[in-house]
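Residue numbers (the working numbering), protein chains in the order written: chain A, 1 to 278; chain B, 1 to 282.
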Amino acid sequence: MKTRQTDLWGAISRYGTFPFLILFSFVMLAPVYIMFKISVSEPQDILTQNPPFLIENFTFDHWVRVFEAGNLWAPLLKSFMVASVATLIAIAIAAPAAYVISLMPKAYRYGIILSLLFTRMFPDVGIALPISVNFIRWDLTDSYVGLILAHLIPNLPFLAWILVGTFETIPRELEKAALIDGASRWGALQRVVFPIAAPGIAVGAMFVWLNSWNEFTYALYLTYTENTLPLQTYYYVSRGDWFQSAAYSMILTIPVIIVTFFLQRYMKSGFLSGSVKG
Amino acid sequence: MAWVKRYRLEIVMVLPLVLYILGFSLVPVLETIRLSFVNASTNTYDLSNYVYIMSQQGFKKAFSNTIVITIVGLALQLSVALSIALLLKRAFKGRGFFRTVMLIPMGVPTIVAGVIMLYVFSTNGYFNLFLQRFNIIEAPIIWNEGGFKTLFMIIFADMWKVLPIVILLLLSGLESISEDVYEASAIDGATTWQNFWYITLPLLKPAITMALILRAIDAFRIFELPLVLAGRHTPVIGTYAYSEYRDFFNEHTSAAAATILLLMIIVFIIIYFLFVERKKDV
């Protein structure tokens with residue numbers, strides 16, 4: 001008969017679950033709270049030896065300053081436009097390609113998906129460098145077009161990869177039935193396949209929009225004067241302005257939180273591994 | 001060309017993606033590799049850029065910092081994320097709430113994570129305050145003065161930002177393990193630790209491998225966080241390459257640094273598959 005072993009780890013995990021989870025939750029939440037707190041605190045509560053953890057003197061001054069200074073709208077518009085147009089182009093290029101890939105025999109499909117992932121192993125600084133050198137020559141730095149082209153680099157393989165999975169789940173019989181009913185190949189795609197895939201495409205598009213909205217490295221390489229919102233935030237950070245950078249960080253984060261809220265239930269591992277850096 | 005004619009529609013649909021990836025990923029990377037071998041003064045191909053950056057103190061530091069951030073960061077991320085995933089896998093009231101909370105950093109842009117961590121780790125910031133309150137330290141620590149303290153700050157910031165994704169990857173791995181195996185081991189009287197070590201960990205290997213490789217690639221390429229948190233004092237290869245190009249206007253040395261980074265990623269993946277994967281699969 002086996003002697004009963006002391007189950008130390010069992011006890012720890014039984015009685016420790018809640019304390020540990022509360023501790024981890026605090027670590028996850030506190031930094032976000034601190035950002036909010038700094039954006040609405042009087043300077044004397046922050047720039048001291050012992051900053052209080054709770055908000056003591058509430059003020060909207062920093063927010064008002066950010067909105068009134070007029071440095072916000074141009075970067076906001078640029079980030080918004082670039083993210084939106086890049087998303088539309090990404091769908092237009094990636095969706096048809098993903099559909100075709102999803103029809104290929106398994107061995108080819110696997111190889112193509114691997115090579116899509118392989119492009120994401122290239123360091124961004126290695127791609128951004130020649131892109132930037134060329135874009136200076138073509139006068140595309142600081143432009144919307146240049147930035148959109150650059151933001152598609154990480155997002156196209158990512159979106160194509162997600163959409164291959166979406167198209168794989170669509171039964172081919174539906175498409176065949178449409179063809180038998182006299183629809184053309186393109187007509188069947190348009191009226192049968194793409195509508196069924198639309199929810200998957202929408203989710204993928206939202207991820208692409210987020211990635212582009214948050215994108216920093218390519219924007220940094222391709223920008224000399226007209227900042228995007230992440231660059232504008234970085235600008236205030238590098239000037240050491242705590243309060244403006246907190247307000248800008250909040251403005252940058254709010255759309256992300258909204259979109260993430262909608263995306264939450266799609267955040268499964270397979271989906272995410274293509275855009276780990278988010 | 002009957003083949004082209006038969007698959008005309010398919011080819012038209014795939015071509016833009018293929019051309020884009022070739023033109024905007026593959027060609028630029030090859031161009032970077034080429035640039036790295038061009039001697040700027042003679043316009044011939046040689047190793048001068050590599051010789052130059054290898055002699056630079058900044059590059060040596062960037063190289064070792066990148067390695068340390070990757071190895072220490074991955075070890076911490078995987079162990080912390082695995083602990084959280086194991087806790088979240090247990091069935092209990094309020095699990096949904098904790099799962100949501102653990103995902104919150106995912107909704108924070110990387111650059112903002114950097115800004116937040118500046119507040120947390122500044123000399124009179126909240127982390128020092130926290131350590132002082134609990135009498136762990138007496139004088140505030142200057143986190144961004146360089147050395148391992150600064151690396152720890154970057155590692156912590158990166159971990160905070162990416163934990164949700166690693167947790168999700170591991171959690172979905174955990175949930176794919178059948179309950180039957182645990183029931184069988186319970187009959188044999190296995191302890192929690194034995195369950196973890198002999199059942200959970202081996203069966204979780206695919207998920208761990210996936211998380212490890214994806215995270216390692218991103219840890220090697222880390223850019224925003226070191227740039228915001230440490231600036232030029234504590235370079236990593238990413239920020240070193242950027243600084244060579246934008247601050248010193250030398251695209252060739254920047255390309256050499258980027259090429260070395262690419263090489264490091266490839267070597268890591270080869271080593272991983274040669275040694276770790278093969279050894280355990282036998």
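Quick reminder that beta carbons are idealized off the backbone N, C-alpha and C, glycines included. All values reported here derive from a predicted model rather than from experimental measurement.
Around the beta carbon of residue 240 of chain A, fewer than 16 other beta carbons sit within 10 angstroms, so the residue counts as exposed.
Note on geometry: alpha-carbon atoms of residue 32 of chain B and residue 189 of chain B lie some 59 Å from one another. Look at residue 53 of chain A here: in three-state DSSP terms it is coil, with no helix or strand label. Non-local C-beta neighbours of residue 151 of chain A in its own chain, meaning closer than 7 Å and more than five positions away in sequence, comprise 82, 86, 212, 215, 218, ordered along the chain. For residue 173 of chain A and residue 160 of chain A, the gap between their C-alpha atoms comes out near 23 Å. Among the bridge pairs identified by DSSP, residue 41 of chain A is matched with A/58.
Here the stretch 207–218 of chain B lies against the stretch 266–278 of chain B, with 3 or more beta-carbon pairs under 8 Å apart.
Note that the stretch 165–184 of chain A touches the stretch 92–105 of chain A; at least 3 beta-carbon pairs, one per stretch, sit closer than 8 Å. Assigned with DSSP and collapsed to three states, residue 38 of chain B falls in strand. Under the three-state reduction of DSSP, residue 20 of chain B is assigned to helix. By the 16-neighbour rule on beta-carbons within 10 angstroms, residue 41 of chain A is buried.
A distance of 8 Å or more separates the beta carbons of residue 117 of chain B and residue 19 of chain A. At a cut-off of 8 Å between beta-carbon atoms, residue 237 of chain A makes contact with chain B. Residue-level contact check: residue 54 of chain A does not touch chain B, since none of the beta carbons of chain B fall below 8 Å from its beta carbon.
Sixteen is the threshold: since fewer than 16 other Cβ atoms of the shown chains lie within 10 Å of the Cβ of residue 135 of chain B, the residue is exposed. Along the length of the stretch 44–81 of chain B, whole alpha helix (DSSP H) runs at least 4 residues long occupy 48–55, reported in chain order. In this structure, the alpha-carbon of residue 168 of chain B lies about 10 Å from that of residue 84 of chain B. The C-alpha of residue 9 of chain B is placed about 56 Å away from the C-alpha of residue 148 of chain B.
Between the C-alpha atoms of residue 248 of chain B and residue 254 of chain B there is a straight-line separation of about 9 Å. In terms of Cα proximity to residue 73 of chain A, the closest of A/15, A/175, A/251 is A/251. Per DSSP, the continuous alpha helix (DSSP H) segment holding residue 102 of chain A begins and ends at 73–103. In the DSSP annotation of this structure, the continuous segment of the alpha helix (DSSP H) that includes residue 206 of chain B starts and ends at 205–220. Residues of chain B whose Cβ lies closer than 9 Å to the Cβ of residue 234 of chain A are, in chain order, 111, 114, 115, 224, 227, 228. In terms of Cβ geometry, residue 209 of chain A and residue 84 of chain A form a close pair [threshold 8 Å]. In summary, the residues of the stretch 180–204 of chain A whose CB is separated from some CB of chain B by less than 9 Å are 185, 186, 189, in the order they occur in the chain. Taking a Cβ-Cβ threshold of 7 Å, none of the residues of chain B is close to residue 45 of chain A; the smallest such distance is about 12 Å. Along the stretch 204–215 of chain A, the positions whose C-beta sits under 8 Å from a C-beta of chain B are 213, 214, read in chain order. Per DSSP, residue 124 of chain A is one residue of the alpha helix (DSSP H) stretching across 124–137.
For residue 139 of chain A, no CB of chain B lies under 8 Å from its own CB, so it is not counted at the interface with that chain. If you ignore the 5 residues before and after residue 119 of chain B, its C-beta comes within less than 8 Å of the C-beta of 125, 126, all in its own chain and listed in chain order. Non-local C-beta neighbours of residue 109 of chain A in its own chain, meaning closer than 8 Å and more than five positions away in sequence, comprise 101, 102, 164, ordered along the chain. Collapsing the DSSP output to three states places residue 200 of chain A in a helix. Counted as a single uninterrupted DSSP element, the alpha helix (DSSP H) harbouring residue 264 of chain B occupies residues 251–271. Chain A has no Cβ within less than 8 Å of the Cβ of residue 3 of chain B.
Collapsing the DSSP output to three states places residue 236 of chain A in a helix. Judged by DSSP secondary structure, residue 275 of chain B falls outside any alpha helix (DSSP H); it is assigned neither H nor E.
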